[in-house]
Amino acid sequence: MTQEAFGERRHVAVFSDPEHGQELPMLALIEELVRRGFRVTWATGSELAARLAISGATEDGWDVVGFLDDSSSPAALARGYFADDLPDVVIYDKTANAVAAAIEPRAAREIELVQDEFVDDEFIDFLTRFGLAFVSGGPGLYRLVPACLQRSARHRGHR
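Sequential numbering from 1 applies to the sequence shown in full-length UniProt numbering.
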């Protein structure tokens with residue numbers, strides 16, 4: 001589903017720590033979200049953020065910010081960074097649970113963005129090609145997991 005269906009560009013915040021090997025799946029996910037018309041901000045480690053900015057990779061309509069590895073309180077930095085530009089949706093991996101939980105997406109307050117609009121069949125097929133799946137952590141919160149762990153993460157109630 002493209003953003004024309006929403007009438008405006010929705011903001012998606014993506015949180016992942018590059019120290020744990022998630023940068024390639026996250027980069028593919030971000031590129032797909034941008035292709036679908038979303039405005040994306042990727043919060044990751046400072047070194048990866050700097051490399052992506054220098055390479056020009058972010059010139060295609062998404063931003064990258066590096067603070068997940070630079071602070072003893074990345075959740076507080078995330079709250080400050082997104083204070084004036086709350087995301088509609090938050091996507092995170094297992095390395096960023098606490099940071100993602102610190103950001104309350106607009107969708108948690110404005111239930112207009114339902115899961116079926118964000119995670120449609122085409123998007124699920126895209127995730128499956130990369131061996132990934134989403135586990136919903138509440139309105140507007142999606143934990144990205146390897147597809148083989150989707151069922152167990154859902155049973156344990158992880159975000």
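Glycine residues also receive a C-beta, built at the ideal position from the N, C-alpha and C atoms. For clarity, every value in this text was computed on a predicted model and none was experimentally measured.
Test item: CB-CB of residue i and residue j under 8 Å
i	j	result
T44	L68	yes
I144	D63	One point to set straight first is that residue 144 is Leu, not Ile, in the sequence displayed. Going by C-beta atoms, L144 is not nearer than 8 Å to D63.
G80	P105	no
E23	L48	yes
A75	A57	no
Helix, strand or coil at residue i according to DSSP, with G and I counted as helix
i	result
V114	Any reading at V114 needs caution, since the residue's pLDDT is 46, under 50, leaving its predicted position unreliable; the model's value is listed next. Residue state, collapsed to three classes: coil.
G61	coil
R51	helix
E104	coil
A78	helix
A28	helix
E8	coil
R35	helix
L86	coil
V99	helix
D121	helix
Those residues which DSSP pairs with residue i across a bridge
i	result
F15	A43 and Y92
residue 160	Within the shown structure, residues of the chain are numbered from 1 to 159, placing residue 160 beyond reach of any answer.
G66	T44
G140	Paired residues: none, contrary to the question.
Backbone CA spacing between residue i and residue j [nearest angstrom]
i	j	result
D125	L29	12 Å
G37	S73	31 Å
S16	T95	6 Å
A78	F123	26 Å
T128	G137	19 Å
A133	I54	30 Å
F130	A98	25 Å
G66	V34	19 Å
G61	D84	19 Å
Y142	P25	15 Å
D121	F82	29 Å
E110	A50	Confidence at E110 is low in this model, with a pLDDT of 49, below 50, so the placement of that residue should be treated as unreliable; the coordinate-derived value is given next. Cα to Cα, the separation comes out at about 34 Å.
V135	E59	30 Å
L27	P146	15 Å
For the structure I just gave you, are there three or more beta carbon pairs, one from the stretch 10 to 18 and one from the stretch 86 to 95, closer than 8 Å?
These segments touch.
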